[in-house]
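A.B. asks: Residues in the sequence shown are numbered from 0 upward in steps of one, following numbering that gives the first Met the number 0. Glycine included, C-beta positions come from ideal geometry on N, C-alpha and C. This is the structure I have questions about; it appears just below.
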Amino acid sequence: MMRSHLFFRLKRLSMSKVATLLIVFMLIVAFAHDLIIGIYNENYTTNDGAEDANDVDNINYNLGVLVVAHGMLGQWNERVKVWFNEEVFLPVPAELAFLEYSPGQTIESAIKELEDEGVNRIIAIPLFICGNSSHTPEVYEALEDAAGGEVEVLCTRAMDDDPLVAEILLEHGLKLCKGNPYDPRDTNIKPEDATLIFYGHGDAEEWFQNWVAIADSLKRQIENNHTFHFKEVTYCFMGDDNLKSAVESASGHPLVVPWMIARSSYSETDIRKEVGTYILTGQCEYDGQYLIDHPNTAEWVEKMFYDYENNTVWSNQVNQNGV
0 MMRSHLFFRL
10 KRLSMSKVAT
20 LLIVFMLIVA
30 FAHDLIIGIY
40 NENYTTNDGA
50 EDANDVDNIN
60 YNLGVLVVAH
70 GMLGQWNERV
80 KVWFNEEVFL
90 PVPAELAFLE
100 YSPGQTIESA
110 IKELEDEGVN
120 RIIAIPLFIC
130 GNSSHTPEVY
140 EALEDAAGGE
150 VEVLCTRAMD
160 DDPLVAEILL
170 EHGLKLCKGN
180 PYDPRDTNIK
190 PEDATLIFYG
200 HGDAEEWFQN
210 WVAIADSLKR
220 QIENNHTFHF
230 KEVTYCFMGD
240 DNLKSAVESA
250 SGHPLVVPWM
260 IARSSYSETD
270 IRKEVGTYIL
280 TGQCEYDGQY
290 LIDHPNTAEW
300 VEKMFYDYEN
310 NTVWSNQVNQ
320 NGV
């Protein structure tokens, strides 16, 4: 009865009263939104530490993000730029830079852009497969030279064996099973009859074991998935017909998944050269989906930013301030 009574009372309201109620409601929503955003922005303009006896002035940090990618000839850089602009959303100024092959978008120019926006603490996030590779010292050196001690730079870990990466490889493998992998009635290849092969670039001998350790961890994570199980999970690296050998020795139907940041003519030529015949004849599945083609990669960037204090592995001011 009470609900019915309230309903009829609302029906008797004039249009002007209804409009007034709507305006009041919208003002409340707008106020709540501004309040939340104010609290949110305050959280990301940090003040490190209480006033020290030897340091009267505390440092107020305005955060910014610098995503560092390797860079490559051809369309690789452009694909990464599109991904960055369309998929990565952060509450602070953010720039993308390349270590190589992009004279117009260097680490130095990106840091300058962030400084011009008032940023004095930069969270550098390396969009690299391995955080302990031959490129790691190059990234640190480039960051240190570009910052010049004028701005603090904290560099996070690379993608490594983050669970988000394992999930990308798993889901890209499931897509190759065709049909709907989440519906057992609608699939051409059952995961339990397939071999997932994730294919990485690798590195020079001095650094190679670091890649192997990451690959082993990703392999275990995929194997330990409680929902989907492949007959076999394995990996290999570029060179010496490794991919062809992995496809030929697979115990299940081969599913080739690139364990690389983005598509390039270099990687595509290599894959097609080694297993192109198997792909064309249906003896191997491949669809050219790379890491940035999955939403987890943008989510990983955001994860590194929001938890940068627990993911920082290098700083240009570690000796002065610590990390």
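Helix, strand or coil: how does DSSP classify Ser250 here?
C.D. replies: Residue numbering aside, residue 250 sits at position 251 when the sequence shown is read from its first letter. Reduced to three states, the DSSP call for Ser250 is coil.
A.B. asks: Rounding to the nearest angstrom, what Cα-Cα distance links Ala109 and Asn119 in this structure?
C.D. replies: Here the question's residue 109 lines up with position 110 in the sequence shown. Here the question's residue 119 lines up with position 120 in the sequence shown. Looking at the two C-alpha atoms, the distance is approximately 13 Å.
A.B. asks: For the segment 75-89 against the segment 139-148, do three or more pairs of beta-carbon atoms, one drawn from each stretch, fall closer than 8 Å, so that the two count as touching?
C.D. replies: The segment 75-89 is not in contact with the segment 139-148.
A.B. asks: List in chain order: all unbroken beta strand (DSSP E) runs of 3+ residues lying wholly within the segment 81-125.
C.D. replies: 93-97, 120-125, all fully within the segment 81-125.
A.B. asks: How is Glu308 classed by DSSP in three states: helix, strand or coil?
C.D. replies: On the sequence shown, position 309 is the one that residue 308 refers to. In the structure shown, Glu308 sits in a helix (DSSP, three-state: H, G or I).
A.B. asks: Rounded to whole angstroms, how far is the Cβ of Asn224 from the Cβ of Leu169, which I believe are closer than 8 Å?
C.D. replies: Stepping through the sequence shown from its first residue, residue 224 is reached at position 225. Stepping through the sequence shown from its first residue, residue 169 is reached at position 170. The pair is a contact, with the Cβ atoms about 6 Å apart (cut-off 8 Å).
A.B. asks: Could you tell me if Val317 is buried or exposed, where buried requires 16 or more neighbouring beta carbons within 10 angstroms of its beta carbon?
C.D. replies: Reading the sequence shown from its first residue, position 318 is the one you call residue 317. By the neighbour-count rule (16 or more Cβ atoms within 10 Å), Val317 is not buried but exposed.
A.B. asks: Can you find the residues in the same chain that come closer than 8 Å, C-beta to C-beta, to Ile167, ignoring five residues on each side of it along the sequence?
C.D. replies: Taking the first residue of the sequence shown as position 1, residue 167 is located at position 168. Excluding residues within five positions, the ones whose Cβ falls inside 8 Å are Leu290, His293, Asn295, Thr296.
A.B. asks: According to DSSP, is Gly275 part of a helix, a strand, or is it coil?
C.D. replies: As a working mapping, residue 275 is identified with position 276 in the sequence shown. Note: Gly275 maps to helix in three-state DSSP.
A.B. asks: Skipping 5 residues on each side, what residues in its chain have a beta carbon closer than 6 Å to that of Asn310?
C.D. replies: By 1-based counting over the sequence shown, the position of residue 310 is 311. For Asn310, where only same-chain residues beyond five positions count, the Cβ hits under 6 Å are Thr155, Arg156, Met303.
A.B. asks: What does a CB cutoff of less than 7 Å around Tyr305 pick up in its chain, not counting 5 residues either side in sequence?
C.D. replies: Within the sequence shown, residue 305 is the residue found at index 306, counting from 1. Cβ within range, chain order: n/a, list empty.
A.B. asks: With DSSP run on the structure shown, which of helix, strand or coil describes Met303?
C.D. replies: In the sequence shown, residue 303 corresponds to position 304, counting from 1. Three-state result, Met303: helix.
A.B. asks: Give me the Cα-Cα distance between Asp269 and Met158, rounded to the nearest whole angstrom.
C.D. replies: The sequence position of residue 269 within the sequence shown is 270, counting from 1. The sequence position of residue 158 within the sequence shown is 159, counting from 1. The straight-line gap from Cα to Cα measures roughly 23 Å.
A.B. asks: Name the residue from Gln220, Lys230, Ala249, Val274 whose alpha carbon lies nearest to the alpha carbon of Asp240.
C.D. replies: In the sequence shown, residue 240 corresponds to position 241, counting from 1. Among Gln220, Lys230, Ala249, Val274, the Cα nearest to that of Asp240 is on Val274.
A.B. asks: Using 8 Å as the Cβ pair cut-off and three pairs as the minimum, do the segment 207-214 and the segment 122-136 touch?
C.D. replies: Judged by Cβ distances under 8 Å, the segment 207-214 makes contact with the segment 122-136, as three or more pairs qualify.
A.B. asks: Output needed for Leu89: all residues of its chain with C-beta closer than 7 Å, excluding positions within five of it in sequence on either side, in chain order.
C.D. replies: The sequence position of residue 89 within the sequence shown is 90, counting from 1. Counting only Cβ-Cβ distances below 7 Å, and skipping sequence neighbours, we find Val64, Glu301, Phe304.
A.B. asks: Note down the Cα distance separating Lys272 from Trp313, rounded to an integer number of angstroms.
C.D. replies: Looking up residue 272 in the sequence shown gives position 273. Looking up residue 313 in the sequence shown gives position 314. Roughly 39 Å between the two C-alpha positions.
A.B. asks: Would you call the segment 96-114 and the segment 187-197 touching, i.e. three or more CB-CB distances under 8 Å?
C.D. replies: These segments do not touch.
A.B. asks: Short check: CB of Asn59 to CB of Gly117, under 7 Å?
C.D. replies: Within the sequence shown, numbered from 1, the residue matching residue 59 stands at position 60. Within the sequence shown, numbered from 1, the residue matching residue 117 stands at position 118. Taking 7 Å as the Cβ cut-off, Asn59 and Gly117 do not qualify as a contacting pair.
A.B. asks: By Cβ distance below 7 Å, which residues in the same chain neighbour Ala145 in space, the five residues on each side in sequence not counted?
C.D. replies: If you number the sequence shown from 1, residue 145 lands on position 146. Once the five neighbours on either side are set aside, the close Cβ partners of Ala145 are Ile106, Glu107, Ile110.
A.B. asks: For Ser101 versus Asn76, is the C-beta spacing smaller than 7 Å?
C.D. replies: Within the sequence shown, numbered from 1, the residue matching residue 101 stands at position 102. Within the sequence shown, numbered from 1, the residue matching residue 76 stands at position 77. For Ser101 and Asn76, yes; Cβs fall inside 7 Å.
A.B. asks: Excluding the 5 residues preceding and the 5 following Met259 in the sequence, name in chain order all residues of the same chain whose CB lies nearer than 8 Å to its CB.
C.D. replies: Here residue 259 refers to the residue found at position 260 when the sequence shown is read from its first residue. Correct list, in chain order: Ile128, Tyr198, Gly199, His200, Ser266, Tyr289, Leu290.
A.B. asks: Report yes if the C-beta distance between Leu175 and Val232 is below 7 Å; otherwise report no.
C.D. replies: One-based indexing of the sequence shown puts residue 175 at position 176. One-based indexing of the sequence shown puts residue 232 at position 233. Cβ distance not < 7 Å, so Leu175 and Val232 don't count as in contact.
A.B. asks: Compute the beta-carbon to beta-carbon distance between Val66 and Leu126, rounded to the nearest angstrom, for a pair I have assumed lies under 8 Å.
C.D. replies: Within the sequence shown, residue 66 is the residue found at index 67, counting from 1. Within the sequence shown, residue 126 is the residue found at index 127, counting from 1. Rounded, the Cβ-Cβ distance is 6 Å, consistent with contact.
A.B. asks: Output the boundary residues of the beta strand (DSSP E) element that contains Glu151.
C.D. replies: As a position in the sequence shown, residue 151 is number 152, starting the count at 1. Run containing Glu151: 151-155, per the beta strand (DSSP E) assignment.
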